[in-house]
Amino acid sequence: MAVIKKKKDKALPAVNTSALPDIVFMLLFFFMVATVMREVDLKVTVNKPQATEIQKLERKSLVTYIYAGAPRVKYQDKFGRSPRVQLNDAFASLDDIQPFVIQEREQKSEEDAAMMTMSIKADKTVKMGLITDIKLQLRKAQALKINYSSNQPKDVEALYSSEN
Amino acid sequence: MARNKRAIPEINAGSMADIAFLLLIFYLVTTTMDTDKGINRKLPPFDEELVEDPPPIKERNIFTVLVNSNDQLLVEDEYLQISELRAKAMEFIDNNGDGSCEHCQGYKVSTSSDNPDKAVVSLQNDRGTSYGMYVKVQNELVAAYEDLRERYAQEKFGRSYRSMDQEEDKEILKEIKLAYPQKISEAEPLNIGG
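Chains G and B are the protein sequences, given in the same order. The working numbering puts the first sequence at residues 1 to 164. The working numbering puts the second sequence at residues 165 to 358.
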């Protein structure tokens, strides 16, 4: 018994935490490298369609995004529920697309402007009418390289089921 | 001299972890993980005056795919499921009706395409078609071409087309793409039912 009492009296040595900053910095650098800055505040809901034949968009600086979908719940009072187009941080009409493309193109260098890709991020429930209108505006603005943003399905068989 | 001998007090690094955590959390909140992926397509240039006489294409060389507003498919006047579209498209492209395509393995049916170079896939959808369905159809049509190119690459070069490098295998890729040129044309959408 005496032996046990003696042990209890001794104070525990502090855990050495000097390596903790290193570990956290390592995590930090991982996240800095593996992620990209969120550029815009999404105001529309975008549930991307699924596809298997997808290609990565390599250079972020060449890509310009056009979002389409139903406005989020908090914007529904003002903008209704029917699908809308979002450019940068604001809702836009179809007529705004052409000036937007031209403005984006001017910000890029000449060789990059030719390589500019428009990424259409649309919700899969959006009707093709809206998408076709967007495409027509892009054609008028001479932005012909486009990309239908989609996700790789986890289960390829699910692609063919009638539900989605 | 006495001064130099004095030990320099150690900098307290206890709050270093806190600072790093703060930065870490900032990055976690403001960044996104997902890389952007999607189906690449090229739009036709916009022309004010429509071309009056489009070059004539023989009926047998056109593979019509129609999608209605209920997301149903009509392929070559036949009701089809999306899961059957890829095989059907491959059969059409690879048909080799005039026998000029040496790498084709088609059935040489007289009602289907002459050769892959002449074969055109024509896609038309309704304004009421859902975007999800449209992407799925596009995906299947692109997949049909990719599968044919894959087969060609395996037979001719013994390598996988999908794993080839854009820069290193530029010439090989060019040849494969020439063997099965991707010709997907999109017509103006219909507006029948919303």
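Each residue gets a CB set at the ideal place from its N, CA and C atoms; glycine is no exception.
- Proximity to Val229(B) across Asp262(B), Asp333(B), Thr293(B) peaks at Thr293(B), based on C-alpha coordinates.
- The three-state secondary structure of Arg84(G), taken from DSSP, is strand.
- When C-beta atoms of the segment 299-318 of chain B are compared with those of the segment 126-139 of chain G, fewer than three pairs fall below 8 Å, so the two segments do not count as touching.
- By DSSP's assignment, Glu242(B) forms a beta bridge with Val239(B).
- Between Ala184(B) and Leu28(G), the beta carbon gap of about 6 Å places them in contact (Cβ cut-off 8 Å).
- Arg105(G) sits away from Ala92(G), with the two beta carbons spaced by 8 Å or more.
- Ranked by Cα distance from Ile340(B), the first of Met328(B), Gly296(B), Tyr295(B) is Met328(B).
- In the three-state DSSP reduction, Ala177(B) falls in the coil class, being neither helix nor strand.
- In the structure shown, the three-state DSSP call for Lys121(G) is strand.
- Comparing alpha carbon positions, the residue from Leu87(G), Val156(G), Lys108(G) closest to Tyr65(G) is Leu87(G).
- Any Cβ of chain B closer than 8 Å to the Cβ of Gly80(G) would place that residue at the interface, and such an atom is absent.
- Residue environment analysis places Phe30(G) among the exposed positions, since fewer than 16 neighbouring C-beta atoms fall within 10 angstroms of its C-beta.
- In the structure shown, the three-state DSSP call for Arg205(B) is strand.
- Glu350(B) has Leu287(B) as its beta-bridge partners, per DSSP.
- Within the segment 42-105 of chain G, the complete beta strand (DSSP E) runs of at least 3 residues fall at 63-69, 84-87, 90-92.
- Residue burial annotation: Val193(B) is exposed, with fewer than 16 other C-beta atoms found within 10 angstroms of its C-beta.
- According to the DSSP secondary-structure assignment, Leu230(B) is paired through a beta bridge with Leu238(B), Gln288(B).
- For Leu57(G), the neighbours in chain B by C-beta distance under 9 Å run, in chain order, Thr199, Asp200, Lys201, Gly202, Asn204.
- Only residues of its own chain outside the window of five on either side were considered, and among them Thr293, Ser294, Met297 have a CB closer than 7 Å to the CB of Asp235(B), listed in chain order.
- With its beta carbon less than 8 Å from one in chain B, Asn147(G) belongs to the interface.
- Pairing Leu249(B) with Leu238(B) gives a Cβ-Cβ distance that is not under 8 Å.
- Of all C-beta pairs linking the segment 93-102 of chain G to the segment 70-82 of chain G, fewer than three are shorter than 8 Å, placing the two stretches out of contact.
- Among the residues of chain G, none has a CB under 9 Å from the CB of Ser324(B); the nearest is roughly 15 Å distant.
- Relative to Glu58(G), the option among Leu207(B), Tyr325(B), Ala308(B), Asp200(B) whose CA is nearest is Asp200(B).
- The C-beta of Leu237(B) comes no closer than 8 Å to any C-beta of chain G.
- Ser274(B) counts as exposed, since fewer than 16 other C-beta atoms from the protein chains shown sit within 10 angstroms of its C-beta.
- Note on geometry: alpha-carbon atoms of Phe227(B) and Asp258(B) lie some 12 Å from one another.
- In this structure, the beta-carbon distance from Lys108(G) to Met118(G) does not fall below 8 Å.
- Put simply, the backbone Cα of Leu138(G) is about 19 Å away from that of Gln288(B).
- Collapsing the DSSP output to three states places Ser294(B) in a strand.
- Contact of Gln152(G) with chain B is assigned, a C-beta pair being separated by under 8 Å.
- Along the segment 262-296 of chain B, the positions whose C-beta sits under 8 Å from a C-beta of chain G are Asn289, Asp290, Arg291, Gly292, Thr293, Ser294, Tyr295, Gly296, read in chain order.
- Listed in chain order, the non-local C-beta contacts of Glu314(B) below 8 Å within the same chain comprise Ser324, Tyr325, Arg326, local neighbours out to five positions each way being set aside.
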